[in-house]
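Shown next, in structure tokens, is the structure this report addresses.
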Amino acid sequence: MGTMLQAACSCGYTSGSLMYGIGFAYFETGSYWELAYCDQCSVVKTVDGKKKKVCGKCKNQLQVYKKKGASIDEDSMPHLPACDEFEDGQSYHCPRCKEEKLIFQSCGCWD
Ligand SMILES: [Zn+2]
Ligand SMILES: [Zn+2]
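First residue of the sequence shown: 343, per this note's numbering; consecutive thereafter.
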């Protein structure tokens with residue numbers, strides 16, 4: 343149900359495996375995973391979509407990756423871009439070099 347993604351940038355940055363999406367636990371706890379980054383720590387990480395988006399290390403606000411052009415509707419149930427929407431060749435903000443050169447690749451599934 344969820345996907346494992348890995349972020350990679352041409353500057354050399356690569357993340358570890360990132361869980362993304364809604365897993366089996368969603369039906370019990372309502373938790374789901376979003377992708378976010380911390381510019382301060384130069385990392386891409388996954389965050390529990392229901393929790394506060396704060397970096398555990400530097401306490402800064404984390405920036406959540408959104409599909410470009412997607413409207414953000416706070417009222418809806420977790421409105422997540424489908425996992426393959428991050429794999430459409432678009433590039434996103436890289437927390438290391440601060441340029442929009444980061445891409446996401448799928449590296450497996452989880453549930
Ligand atoms: Zn941080
Ligand atoms: Zn980079």
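Glycine included, C-beta positions come from ideal geometry on N, C-alpha and C.
Of the residues the options, the one placed nearest residue i, counting alpha carbons only
{"i": "valine 406", "options": "Gly431, Gly358, Pro437, Ser359", "result": "Pro437"}
{"i": "lysine 440", "options": "Cys380, Ser357, Glu370", "result": "Cys380"}
{"i": "lysine 392", "options": "Leu444, Ser433, Gly363", "result": "Gly363"}
{"i": "lysine 408", "options": "Val386, Tyr434, Thr356", "result": "Tyr434"}
{"i": "lysine 399", "options": "Val389, Cys383, Asp390, Thr388", "result": "Cys383"}
{"i": "lysine 443", "options": "Ser352, Gly358, Val385", "result": "Ser352"}
{"i": "serine 359", "options": "Met346, Val385, Cys397, Thr371", "result": "Met346"}
{"i": "glycine 372", "options": "Asp390, Lys394, Phe446, Val396", "result": "Asp390"}
Buried versus exposed, by CB contacts within 10 Å (16 or more), residue i
{"i": "phenylalanine 366", "result": "exposed"}
{"i": "glutamate 376", "result": "buried"}
{"i": "glycine 344", "result": "buried"}
{"i": "alanine 349", "result": "buried"}
{"i": "lysine 387", "result": "buried"}
{"i": "cysteine 449", "result": "exposed"}
{"i": "phenylalanine 369", "result": "exposed"}
Where residue i falls: helix, strand or coil (DSSP)
{"i": "tyrosine 368", "result": "helix"}
Residues whose Cβ lies closer than 7 Å to any heavy atom of ligand 2, in chain order: Cys351, Ser352, Cys353, Tyr355, Cys436, Arg438, Cys439, Glu441, Lys443, Leu444
Shell residues, 6 Å Cβ cut-off relative to heavy atoms of ligand 1: Cys380, Gln382, Cys383, Cys397, Lys399, Cys400, Asn402
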